[in-house]
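Here is the structure we will look at.
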Amino acid sequence: MDSETVEKQIEIGRTILLSAVVVITAWCSYQAAQWSGITSFRLSEAKSISVKVSQMSLTADQRSMIDALVAVRFADAVIDGNSKVSDFYLSHLRPEFSDLLKSWLETKPLANPDAPPHPIAMPQYLEMTRSLESDAYELQGKEELKMDEAYRA
């Protein structure tokens with residue numbers, strides 16, 4: 649083989665090698681963009697769930713504060729014998745909370761020393777609160793799962 653033929657073969661080899669490098673670089677860039685898109689999408693899903701969890705927690709906290717305030721005022725009305733106020737609360741509250749207040753009244757809190765001291769101490773109220781909290785915890789678990797998926801992508 650003469651030097652010119654060897655030089656052409658080397659040039660062809662360089663061209664093939666350079667072409668392979670270009671294709672591999674393009675493929676790596678494509679994969680990186682795809683990975684970045686998947687990660688961004690999953691992080692976005694996780695953030696969306698996080699916002700829902702925050703909203704649910706805030707709603708549950710607000711409801712608990714309002715429930716406590718109403719329970720105190722209702723108990724005051726019962727203690728004072730003000731049926732007009734207590735009847736108003738019973739007829740204007742959300743049904744499950746109104747049922748809770750009625751259940752508390754059935755325990756005869758003014759005469760029964762074993763009755764719960766206030767409506768919020770009723771087992772039914774704790775159950776209502778737990779259901780709201782469990783929904784938030786369930787969503788929080790989904791958020792953590794999405795975050796893990798994003799970091800593994």
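Plus 648 on top of the position in the sequence shown (first one is 1) and you've got the working numbering. Every residue, glycine too, gets a C-beta built ideally from N, C-alpha and C.
From the options, residue whose alpha carbon lies closest to that of residue i
i, options, result
"K794", "R778, T653, I697 and L666", "I697"
"F745", "D796, K790, T777 and P761", "T777"
"Q788", "C676, R690 and S705", "S705"
"L780", "I660, K700 and Q679", "K700"
"P767", "E659, I714 and V669", "I714"
"E792", "A725, Q703, S702 and A694", "A694"
"Y773", "R800, S734, R742 and A784", "R742"
Inter-residue Cα distance where the pair is residue i and residue j
i, j, result
"L624", "E754", "Only positions 649 to 801 of the chain appear in the structure, and residue 624 is not among them; the question remains open."
"M770", "I727", "17 Å"
"Q657", "D796", "51 Å"
"I664", "V654", "15 Å"
"G803", "A723", "Because the chain in this structure spans residues 649 to 801, residue 803 falls outside the shown range and cannot be described."
"D650", "V669", "29 Å"
"S731", "P764", "20 Å"
"Q679", "K790", "27 Å"
"E652", "L666", "21 Å"
Subject >> Start-end ranges of the alpha helix (DSSP H) lying completely within the stretch 696-753, minimum 4 residues >> reply: 731-740
Original post:
Three or more beta-carbon pairs under 8 Å between the stretch 705-719 and the stretch 751-768, yes or no?
Top reply: yes
Original post:
How about the stretch 757-764 and the stretch 692-709: do they share at least three Cβ pairs that are nearer than 8 Å?
Top reply: no
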